[in-house]
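Shown next, in structure tokens, is the structure this report addresses.
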Amino acid sequence: MNYSSTRGENVKLTSAQAIIKGLATDGGLFVPDSLPKVDESFIESLLPLSYEERAAKVLSLFLTDYTAEEITACVNNAYGQGKFDCEGRAPVTDLGNMQVLELWHGPTSAFKDMALQLLPQLMSTALKKTGEKSDVLILVATSGDTGKAALEGFKDVDQISIMVFYPEGGVSQIQQLQMLTQEGSNVNVTAVKGNFDDAQSGVKVIFSDQAFGEELGKANVKLSSANSINWGRLVPQIVYYFSAYADLRKAGRIKAGEEINFTVPTGNFGNILAGFYAKQMGLPVHKLVCASNANNVLTDFLQTGRYDRNRDFYKTITPSMDILISSNLERLLYHVTGSTEQVAGWMAELAKQGSYEVDKDTRGKIKEFFWADFVEDSATKACIRQVYEQHKYVLDTHSAVAYQVAKNYRHATKDDRVMVVVSTASPYKFNGSVLEALQAETAGLDEFALLAKLQELNDQPIPQGLVALKSKEVRHKGVCAKDEMADAVLRFIAK
357 MNYSSTRGEN VKLTSAQAII KGLATDGGLF VPDSLPKVDE SFIESLLPLS
407 YEERAAKVLS LFLTDYTAEE ITACVNNAYG QGKFDCEGRA PVTDLGNMQV
457 LELWHGPTSA FKDMALQLLP QLMSTALKKT GEKSDVLILV ATSGDTGKAA
507 LEGFKDVDQI SIMVFYPEGG VSQIQQLQML TQEGSNVNVT AVKGNFDDAQ
557 SGVKVIFSDQ AFGEELGKAN VKLSSANSIN WGRLVPQIVY YFSAYADLRK
607 AGRIKAGEEI NFTVPTGNFG NILAGFYAKQ MGLPVHKLVC ASNANNVLTD
657 FLQTGRYDRN RDFYKTITPS MDILISSNLE RLLYHVTGST EQVAGWMAEL
707 AKQGSYEVDK DTRGKIKEFF WADFVEDSAT KACIRQVYEQ HKYVLDTHSA
757 VAYQVAKNYR HATKDDRVMV VVSTASPYKF NGSVLEALQA ETAGLDEFAL
807 LAKLQELNDQ PIPQGLVALK SKEVRHKGVC AKDEMADAVL RFIAK
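Under the working numbering, the first residue of the sequence shown is numbered 357, with each subsequent residue one higher.
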């Protein structure tokens with residue numbers, strides 16, 4: 357299977373080459389030439405398997421240049437060795453009228469671990485397979501969770517170093533501590549004065565700066581990405597949609613071939629796009645419900661066909677979704693239209709004027725797959741409180757956005773199919789907001805006292821990685837303006 361750019365650059369790459377490169381030279385994203393199809397027997401074959409075995413089966417359909425042995429080694433290194441605190445890796449918890457897919461049992465307590473424990477394995481294998489001699493520098497813009505998960509995945513990996521940019525004051529205190537205390541000889545964390553979109557667009561500018569690339573080349577360094585613009589970051593996410601379905605089948609909660617719905621808290625559109633790929637491959641999914649916060653650019657787009665980032669930016673209690681430029685939407689537009697010319701045109705409009713509008717036919721096709729809504733912080737908090745009162749189950753803020761939007765979807769459509777709420781972070785990562793939602797007294801408590809307070813209300817133990825933060829030293833103190841990011845990169849590689 358070959359991969360090419362969403363914007364039409366006439367280059368065909370293997371999956372290993374696409375994973376190393378990250379972003380296409382024309383600024384587009386790599387997509388597979390065709391999507392593999394699976395039938396009911398494939399899905400049924402997943403039922404008795406471990407998460408690692410399920411991952412190997414799904415990944416082998418896309419990574420056709422990797423051997424079976426290579427894929428098995430990658431998934432075992434990613435998900436084995438005690439890195440996850442749960443045997444099923446991504447278990448589905450039954451809350452009666454909702455099924456909650458818990459994607460936060462990895463080392464950094466966020467769903468990003470599902471992909472970012474595997475991406476370094478895939479990339480390291482790709483470097484060996486392709487005989488690449490250059491060092492690879494991973495550049496990451498993070499709205500919170502990606503940064504720590506990428507740092508943890510890539511720390512001390514041979515031939516690869518990683519630099520993470522995050523918006524100063526734009527992540528939770530726990531997220532910031534997780535990044536600033538990161539160990540490893542090949543890592544750097546720098547705050548950017550601005551919001552996540554400033555950090556992300558700054559990284560994109562660096563990627564597309566040919567002269568800068570040549571300068572790095574003199575130092576024998578190539579750039580790549582661990583954001584979900586990298587295919588090697590997105591493909592592992594397809595696995596947990598299949599795994600969740602298999603678990604529901606195994607538990608007898610659904611019948612073979614029964615269609616279900618997924619509601620996904622959405623920022624950069626990667627997580628929900630993986631669900632779209634699973635559906636297109638043949639997983640029985642009826643609707644993908646896109647849940648947003650007050651930064652509801654995706655809700656507006658999926659409802660009207662107009663994408664417009666020229667709007668107020670809100671800092672919310674769901675910082676990982678405080679995004680106005682959703683990079684992975686570009687891949688969806690490519691798959692729906694099949695036209696690199698149209699995609700390139702819309703992306704040029706977005707870059708130039710901050711908005712674009714798709715045609716009626718494209719809008720209609722997208723609506724077949726997706727339903728969208730958003731909730732404000734007040735409704736998010738109310739949802740956390742309500743779910744706790746009903747089920748003694750604690751949702752994090754992002755998962756609560758999805759839970760509430762799932763309820764809104766059911767109310768609006770009267771669709772009573774089994775609904776899976778994709779839960780993307782441990783409540784302990786956003787303990788202040790969660791405790792506030794539960795109306796607990798938090799005045800004067802530091803992050804670690806807040807963790808202990810939340811533990812009193814929660815059956816889930818505090819994740820070990822968060823407990824350990826208390827004794828770790830801050831190692832990264834860099835701050836730069838958006839237009840100083842390239843200089844910060846040069847300083848890091850010169851060390």
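Note that the Cβ used here is the ideal one computed from N, Cα and C, for glycine as well.
By how many angstroms is the C-alpha of residue j removed from the C-alpha of residue i?
i	j	result
residue 600	residue 446	8 Å
residue 811	residue 801	14 Å
residue 653	residue 425	42 Å
residue 636	residue 529	38 Å
residue 391	residue 717	22 Å
residue 711	residue 668	14 Å
residue 515	residue 540	13 Å
residue 925	residue 402	Nothing can be reported for residue 925: it is not among the residues displayed for the chain, which extend from 357 to 851.
residue 787	residue 823	13 Å
residue 365	residue 575	27 Å
residue 374	residue 708	27 Å
residue 536	residue 437	25 Å
residue 612	residue 775	16 Å
residue 871	residue 798	Outside the displayed span of the chain (357 to 851) sits residue 871, for which this structure offers no information.
residue 845	residue 507	16 Å
residue 649	residue 746	23 Å
residue 474	residue 428	11 Å
residue 509	residue 472	6 Å
residue 603	residue 738	29 Å
residue 720	residue 632	16 Å
residue 695	residue 511	39 Å
residue 853	residue 659	Because the chain spans 357 through 851 in this model, residue 853 falls outside it and cannot be assessed.
residue 502	residue 495	11 Å
residue 851	residue 675	32 Å
residue 408	residue 735	37 Å
Is it true that the CB of residue j sits closer than 7 Å to the CB of residue i?
i	j	result
residue 754	residue 781	yes
residue 751	residue 761	no
residue 625	residue 685	yes
residue 385	residue 362	yes
residue 722	residue 793	no
residue 838	residue 527	no
residue 790	residue 757	no
residue 555	residue 505	no
residue 513	residue 480	yes
residue 818	residue 765	no
residue 683	residue 585	yes
residue 517	residue 551	no
residue 666	residue 642	no
residue 673	residue 733	yes
With a cut-off of 7 Å, does the C-beta of residue i fall near any C-beta of chain C?
i	result
residue 612	Reference to chain C is not applicable here, since this structure consists of a single protein chain.
Quick check on residue i: buried or exposed, where buried means 16 or more other Cβ atoms within 10 Å of its Cβ?
i	result
residue 461	buried
residue 778	buried
residue 606	exposed
residue 589	buried
residue 714	buried
residue 567	exposed
residue 450	exposed
residue 826	exposed
residue 532	buried
residue 553	buried
residue 830	exposed
residue 593	buried
residue 852	In the structure as shown, the chain starts at 357 and stops at 851, and residue 852 therefore has no counterpart that could be examined.
residue 583	buried
residue 697	exposed
Residue i bridges to which residues according to DSSP?
i	result
residue 713	662
residue 646	620 and 728
residue 544	519
residue 449	456
residue 528	Answer is none; residue 528 lacks a bridge partner.
residue 494	518 and 580
residue 549	837
residue 467	Per DSSP, none; premise fails for residue 467.
residue 431	Note: residue 431 sits in no beta bridge, so no partner.
residue 735	BP columns for residue 735 are empty, so no partner.
To test your reading of the DSSP string, which unbroken alpha helix (DSSP H) runs of 4 or more residues are found completely within the stretch 810 to 837? With a minimum length of 4 residues, the continuous alpha helix (DSSP H) runs that stay inside the stretch 810 to 837 are 820 to 823.
Taking only runs that begin and end inside the stretch 395 to 428, name each unbroken alpha helix (DSSP H) of 4 or more residues, in chain order. Listed in chain order, the complete alpha helix (DSSP H) runs (minimum 4 residues) inside the stretch 395 to 428 are 396 to 401 and 407 to 418.
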